[in-house]
Each structure stands twice: as structure tokens, then as C-alpha cells.
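A.B. asks: Residue numbers (my numbering), protein chains in the order written: chain A, 381 to 635; chain B, 381 to 635. Heads up, the beta-carbon is just placed ideally off N, CA and C, and yes, glycines get one too.
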DNA sequence: GTCCCAAGTTTCATATTATGGAACTCGCTT
DNA sequence: AAGCGAGTTCCATAATATGAAACTTGGGAC
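Right, dumping it as C-alpha cells:
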């Protein structure tokens with residue numbers, strides 16, 4: 381049985397916040413129905429958040445929405461992460477050289493979290509930013525690159541904790557097959573994601589080892605599959621392995 | 381006398397979060413001293429946040445820190461704002477043409493909040509991102525551009541509510557002088573910030589009017605003063621006014 | 001113009017919940 | 001092995017959050 385939250389209101393407050401984040405501006409009744417809470421309770425929660433400037437109420441429509449204070453917190457968190465500073469110029473370069481989107485991720489338990497991204501200027505269609513989003517290690521290019529640097533025991537442990545499921549027809553869900561893939565990543569030095577995570581998207585990734593030989597970060601190049609043919613991949617492979625060395629050297633410098 | 385927060389824990393929870401955002405990973409005692417709260421109370425708050433994955437405890441050092449879940453919330457908020465999507469290609473272009481950093485801000489009471497920024501590829505020194513941060517209307521280029529589009533009554537009202545203080549030697553703190561500046565912005569169509577907000581930084585800004593003639597957004601080009609001479613400014617002025625028209629046209633299209 | 005209804009707001013007695021002092025555990029240092 | 005600093009757990013108690021109900025407001029409909 382799942383433990384329960386030690387502070388009831390806290391649970392309710394964050395459900396409220398998550399609800400507003402998901403749906404955008406909402407009315408009081410609407411919110412209280414969605415959250416299954418008494419409207420007085422929701423009203424009090426909202427007032428508390430308004431009091432601290434985390435929520436605004438539109439004077440016209442009287443709908444409630446989240447303020448940009450959350451963005452400020454988010455930036456303070458990202459600013460504390462100096463890996464972003466180190467990697468930024470290199471992933472920018474990689475994005476320009478390839479013309480595709482490049483991501484930087486950080487290990488986080490059984491997941492990887494996107495902490496930075498650079499998209500090439502040409503394809504300036506802005507997708508919703510992934511920063512802050514997490515994806516499972518077992519079914520992503522970056523995840524497999526990170527796993528390949530771990531001991532076999534550790535890999536098995538993470539595999540067992542993960543919720544293994546076919547996200548697309550190409551997702552690998554058999555552990556023996558998975559181990560073979562890990563072996564080839566160790567041999568090649570890079571990992572691939574052939575639509576295992578999202579149909580139509582391929583990606584190539586490498587891990588970044590720190591001075592102790594531990595990998596907590598990885599980078600990837602993602603592209604629609606028609607822009608990432610097998611020959612194109614050879615090109616990307618060379619570029620990403622170069623950048624990996626450069627970033628690792630820089631990391632060493634700053635130890 | 382200031383009203384008090386209708387939920388005590390809520391206040392305490394967010395103080396905890398803000399404290400962690402400001403200082404980075406902290407120990408329990410350290411936090412409880414900083415917050416003037418009993419360590420049991422802080423411990424319970426942290427456990428509640430950990431339960432919901434907003435906080436992580438480092439298994440090595442047992443220090444507490446914020447997770448990337450806040451970044452995810454932040455991105456959901458920004459994704460709801462379609463002004464960012466509209467303006468993005470244009471401010472990107474402006475950043476490339478000028479080689480300087482371009483910001484997009486949104487009106488927010490007596491402040492303007494940075495909601496997007498693009499920095500030119502060349503000067504890829506990453507400053508801490510401003511997104512989510514707010515600056516007073518009365519002493520920023522973007523703020524004055526927004527104010528210039530309001531009625532004189534409204535301007536006076538905002539002036540009176542603002543905490544007028546000299547942020548630098550150049551900050552204007554006299555209302556009569558300020559009104560003259562507003563008049564010239566109305567005449568010229570753009571506003572300037574000559575180190576009024578931060579020493580050594582100049583900036584030029586324009587407001588963005590929606591189809592009803594109301595301005596809720598503004599853009600600016602910022603640069604160190606030695607890269608923004610008076611003649612350079614003429615050049616920027618032309619470019620930013622062009623982009624203003626283009627964005628406003630795009631806004632009209634999507635009305 | 002007035003009636004009505006839906007939506008937000010305020011109040012308050014009550015039960016539930018958060019509180020914090022104290023006791024406990026764990027890992028280092030001396 | 002004792003002492004210390006740090007995190008963790010427990011529990012009686014006070015204080016707080018709760019939600020039903022009453023109240024207010026504003027925008028149509030007629």
C-alpha cells in the first residue's frame with residue numbers, strides 16, 4: 381500500500397497547480413469539480429496562492445491561472461546546474477552543423493530529464509519545449525547511452541523497476557534482446573533510437589562521462605526519420621562523437 | 381496592515397521552495413534556521429514535497445533540493461502563451477540581424493515579466509536566463525514603451541503604486557521629467573533605456589499593440605553601452621520598428 | 001427594468017490536521 | 001568507545017483547515 385502525503389493541504393495545493401498548468405485558466409467551480417474538492421477549500425487554496433503571487437485571477441473573467449513566478453523558480457533551478465553552461469556552446473554548434481534539434485538530458489532515477497535544448501535556426505517551428513520533461517531510460521536513445529555505462533547489475537535493477545511497455549511497435553521489451561543492444565552501444569560508443577519512443581522520430585545519442593568515469597548526462601540529435609537516413613546517420617555519428625570528446629575535455633578542465 | 385495568508389502551511393511550503401531555489405541544495409537544520417521553523421516542521425514539509433516529486437534528497441549528502449518538476453510546470457505555462465509562438469521567429473531574426481540579445485515581455489500589473497529571449501549565436505556567453513523575472517515598468521525600456529500606450533491617468537496610477545527609487549544614477553525619479561519622456565516615446569514610436577535600470581546596459585524597446593489597440597507585450601534589444609553607440613542605435617531603431625509592424629500584422633492575422 | 005440563475009465569496013462551528021518538544025538513530029570524529 | 005552533529009520518528013496538544021450554508025455579484029432572458 382502506498383504511503384500517504386504527510387500534509388493534506390500540500391497535496392491539494394499541488395493538485396490545483398498541476399490542474400491549472402495542464403488546462404490553463406479555469407473557473408472556481410470548474411476546478412473544484414476536477415479536483416473533487418469543496419469549492420470553499422479550492423477558494424481558500426487559490427487565495428493563498430494569490431497572496432503569494434503564484435496565481436492570478438483575471439479581473440474580467442474571474443478565472444484563475446498560474447503566474448510566471450513558477451518560471452522564475454524554474455530558471456533558478458536551471459541556473460544552479462553548471463552542466464548546462466558547459467555544454468551549451470557545444471550543443472549549439474552541433475545543432476548548427478546538423479540542422480537538427482539537440483537535447484541535453486540528466487539522469488534521474490529510472491528516467492532521464494531534458495535540461496536543455498537547441499533547435500537549428502532553419503527549422504524554426506517551435507515545438508512545445510521538453511525541458512523539465514522526463515522519459516524512461518529503457519526506451520530512449522539518451523537513456524540507453526547512459527545505461528550502457530553502468531554495471532550489468534545496475535542495468536537489470538533499473539529494468540526491473542521500469543514500467544516496460546511498447547510505446548511504439550519498435551520499442552524493445554525483451555531483456556535479452558535489450559542486453560544485446562547495450563553490448564553494441566558499448567562497442568560503438570553511441571546509441572540509437574529507431575522510433576522506439578515516438579513514431580517517425582529517430583535519434584542518436586552519447587553519454588557524457590565525468591572525471592570519475594560516471595555518466596549523469598547525455599546528449600542527442602533528434603530528427604524525423606526521413607531526414608535521418610542511414611548514410612546521414614554516419615555523418616551525425618562522427619559529429620556527435622567529436623562533440624562528446626570536446627565536452628568531456630571541458631568537463632575535465634573545470635573538474 | 382497586511383492581510384495574512386489564509387493557509388499557514390502553504391506559506392511555509394513556498395518559503396521552503398523559494399529558499400531552495402535561491403541557495404540550491406541545503407541540509408535540514410540549515411533550512412530550518414533560515415526559515416525560522418522547527419526542524420520537525422521543515423522535515424514534514426520536505427517529505428510532503430518529496431512524496432509528490434517536487435523535491436529530491438541526495439542519498440550521499442542527505443541534502444534537499446528542488447526537482448525538475450518545477451521546470452515542467454514552467455514549460456506548461458509558457459506553452460499556453462501563444463504570443464511566444466507568434467513572436468519567436470521575428471525576435472530570432474532581430475537577434476541575428478543585430479547580433480544582440482532580444483527579449484519579449486508581458487505586462488503584469490506595475491511590472492513587466494520576461495517571457496522569452498533569444499541571444500545571438502556569436503556572443504554565446506550564457507547569462508542567467510531572465511525568463512520569469514519581472515522588472516518595474518517605470519524604469520525599463522520595455523516598461524516605458526508599454527506605459528506610453530496608456531492614458532495619462534493610468535500612467536499616473538501606476539507611477540503612484542510603484543516603488544520609485546534610483547536603481548542607477550540615470551534612473552528617472554521625477555514624474556514631470558518622466559511625462560516628458562513618455563511624450564517623446566509617443567512621438568518616436570520607440571523607447572530607450574540609457575543605463576536607467578542597470579549600469580553599462582542600454583536598450584531600445586517597442587510595444588506590441590493587439591487588434592483592439594491595447595498593448596500587453598513589448599520587445600527590446602539590449603546591449604552593453606559600448607556596442608550601442610548613438611549611430612548604432614539609429615540602425616537598431618529602424619530594425620525594431622520594422623519587426624514591430626511585422627509582428628503586429630501577424631497578430632492581426634491570427635486574431 | 002427586474003427576475004433569475006450561475007458563479008464567486010464569506011462565515012463559522014467542528015473535527016481534523018499540523019505542530020514542535022522530546023526521544024531516537026545513524027555516521028563521523030576524537 | 002564516547003561524543004557530536006545531523007537527520008528521523010513519535011505523540012499529546014493546540015491550532016488549523018474543513019465544508020455546509022448563507023451571502024453577494026453580475027450577466028442574460030424576458
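Select from the segment 452–477 of chain B all residues with a C-beta closer than 7 Å to any C-beta belonging to chain A, and list them in chain order.
C.D. replies: If the cut-off is 7 Å between Cβ atoms, the segment 452–477 of chain B has 452, 453, 454, 455, 456, 457, 458, 459, 460, 465, 468, 469, 472 near chain A.
A.B. asks: Would you grab the beta carbon distance between residue 404 of chain B and residue 460 of chain A for me? Rounded to a whole angstrom, and I think it's under 8 Å.
C.D. replies: Against the second chain, residue 404 of chain B aligns to sequence position 24. Against the first chain, residue 460 of chain A aligns to sequence position 80. About 5 Å; that satisfies the 8 Å criterion.
A.B. asks: Rank A/453, A/515, A/541 by C-alpha distance to the C-alpha of residue 483 of chain A and give the top, closest one.
C.D. replies: Looking up residue 483 of chain A in the first chain gives position 103. Out of A/453, A/515, A/541, A/515 has the C-alpha closest to the C-alpha of residue 483 of chain A.
A.B. asks: Where does residue 615 of chain A sit, in a helix, a strand or coil, going by DSSP?
C.D. replies: In the first chain, the residue the question calls residue 615 of chain A occupies position 235. Helix.
A.B. asks: Under a three-way DSSP split, which group does residue 386 of chain B fall into?
C.D. replies: Numbered from its first residue, the second chain carries residue 386 of chain B at position 6. Residue 386 of chain B falls in the coil class under three-state DSSP.
A.B. asks: Closest by CA to residue 345 of chain B, which one among B/571, B/490, B/522?
C.D. replies: Here chain B covers residues 381 to 635 and nothing more, so residue 345 of chain B does not appear.
A.B. asks: Span of the alpha helix (DSSP H) holding residue 451 of chain A?
C.D. replies: Translated into the one-based positions of the first chain, residue 451 of chain A becomes position 71. That run of the alpha helix (DSSP H) goes 449–459.
A.B. asks: Where do the ends of the alpha helix (DSSP H) carrying residue 556 of chain A lie?
C.D. replies: Here residue 556 of chain A refers to the residue found at position 176 when the first chain is read from its first residue. Start and end: 555–568.
A.B. asks: By a C-beta neighbour count over all protein chains shown, 10 Å radius and 16 as the cutoff for buried, is residue 480 of chain B buried or exposed?
C.D. replies: On the second chain, position 100 is the one that residue 480 of chain B refers to. When all chains shown are included, residue 480 of chain B counts as buried.
A.B. asks: How big is the Cα-Cα spacing for residue 505 of chain A and residue 446 of chain B?
C.D. replies: Sequence index remark: in the first chain, residue 505 of chain A carries index 125 (1-based). Sequence index remark: in the second chain, residue 446 of chain B carries index 66 (1-based). For residue 505 of chain A, the predicted model reports a pLDDT of 48, less than 50, meaning its position is unreliable and no value from the coordinates is stated.
A.B. asks: Just to make sure I have the definition right: I need the residues of chain A whose C-beta is within less than 7 Å of the C-beta of residue 401 of chain B. Which are they?
C.D. replies: Against the second chain, residue 401 of chain B aligns to sequence position 21. Here the neighbours are 453, 456, 457.
A.B. asks: How would you call residue 649 of chain B, buried or exposed, if buried means at least 16 neighbouring beta carbons within 10 angstroms?
C.D. replies: In the structure as shown, chain B starts at 381 and stops at 635, and residue 649 of chain B therefore has no counterpart that could be examined.
A.B. asks: Residue 428 of chain B versus chain A: which residues are under 8 Å apart at the beta carbon?
C.D. replies: Numbered from 1 along the second chain, position 48 holds the residue referred to as residue 428 of chain B. Within 8 Å Cβ-Cβ: 385, 386, 387, 390, 391.
A.B. asks: On a CA-only basis, which of B/498, B/556, B/395 is nearest residue 469 of chain B? Give me that one, please.
C.D. replies: Position 89 of the second chain, counting from 1, holds the residue named residue 469 of chain B. Of the listed residues, the one whose Cα sits closest to residue 469 of chain B is B/498.
A.B. asks: So for residue 522 of chain A, helix, strand or coil by DSSP?
C.D. replies: In the first chain, counting from the first residue as 1, residue 522 of chain A sits at position 142. Three-state result, residue 522 of chain A: helix.
A.B. asks: Rounded to whole angstroms, what's the CA-CA distance from residue 590 of chain B to residue 449 of chain A? Just pull it up for me.
C.D. replies: One-based indexing of the second chain puts residue 590 of chain B at position 210. One-based indexing of the first chain puts residue 449 of chain A at position 69. Those two C-alpha atoms are separated by around 25 Å.
A.B. asks: Give the straight-line distance between the Cα atoms of residue 464 of chain A and residue 463 of chain B, rounded to the nearest whole angstrom.
C.D. replies: Residue 464 of chain A sits at position 84 when you count from the first residue of the first chain. Residue 463 of chain B sits at position 83 when you count from the first residue of the second chain. Straight-line Cα distance between these residues: approximately 26 Å.
A.B. asks: Where do the ends of the beta strand (DSSP E) carrying residue 513 of chain B lie?
C.D. replies: For the purposes of this step, residue 513 of chain B is identified with residue 133 of the second chain, where counting begins at 1. Segment: none, residue 513 of chain B is in no beta strand (DSSP E) and carries neither H nor E.
A.B. asks: How would you write the range of the alpha helix (DSSP H) that residue 434 of chain A sits in, first residue to last?
C.D. replies: For the purposes of this step, residue 434 of chain A is taken as residue 54 along the first chain, with counting starting at 1. No alpha helix (DSSP H) holds residue 434 of chain A; DSSP gives it neither H nor E.
A.B. asks: Are any of the Cβ atoms in chain A nearer than 7 Å to that of residue 594 of chain B?
C.D. replies: For the purposes of this step, residue 594 of chain B is identified with residue 214 of the second chain, where counting begins at 1. Chain A contact via Cβ: absent.
A.B. asks: Between residue 534 of chain B and chain A, is there a C-beta pair that is closer than 7 Å?
C.D. replies: Here residue 534 of chain B is taken as the residue at index 154 of the second chain, counted from 1. Not one chain A Cβ lies under 7 Å of residue 534 of chain B.
A.B. asks: Which term fits residue 540 of chain B, buried or exposed, when burial requires 16 or more other beta carbons within 10 angstroms of its beta carbon?
C.D. replies: Against the second chain, residue 540 of chain B aligns to sequence position 160. With fewer than 16 Cβ atoms within 10 Å of its Cβ, residue 540 of chain B is classed as exposed.
A.B. asks: For my contact list, residue 518 of chain A and residue 542 of chain A are in at a C-beta cut-off of 8 Å; report their separation, rounded to the angstrom.
C.D. replies: As a working note, residue 518 of chain A is residue 138 in the first chain. As a working note, residue 542 of chain A is residue 162 in the first chain. Confirmed, Cβ separation roughly 5 Å.
A.B. asks: Which same chain residues, not among the five before or five after residue 500 of chain A, have their C-beta less than 8 Å away from its C-beta?
C.D. replies: The residue you call residue 500 of chain A lines up with position 120 of the first chain. Excluding residues within five positions, the ones whose Cβ falls inside 8 Å are 475, 476, 478, 479, 480, 481.
A.B. asks: Compare the beta carbon distance of residue 568 of chain B and residue 521 of chain B with 7 Å and say whether it is the shorter of the two.
C.D. replies: In the second chain, residue 568 of chain B corresponds to position 188, counting from 1. In the second chain, residue 521 of chain B corresponds to position 141, counting from 1. Their beta carbons are not under 7 Å apart, which means residue 568 of chain B does not touch residue 521 of chain B by this criterion.
A.B. asks: Please classify residue 580 of chain A as buried or exposed, where buried requires at least 16 neighbouring CB atoms within 10 angstroms.
C.D. replies: Here residue 580 of chain A refers to the residue found at position 200 of the first chain. Flag for residue 580 of chain A reads exposed.
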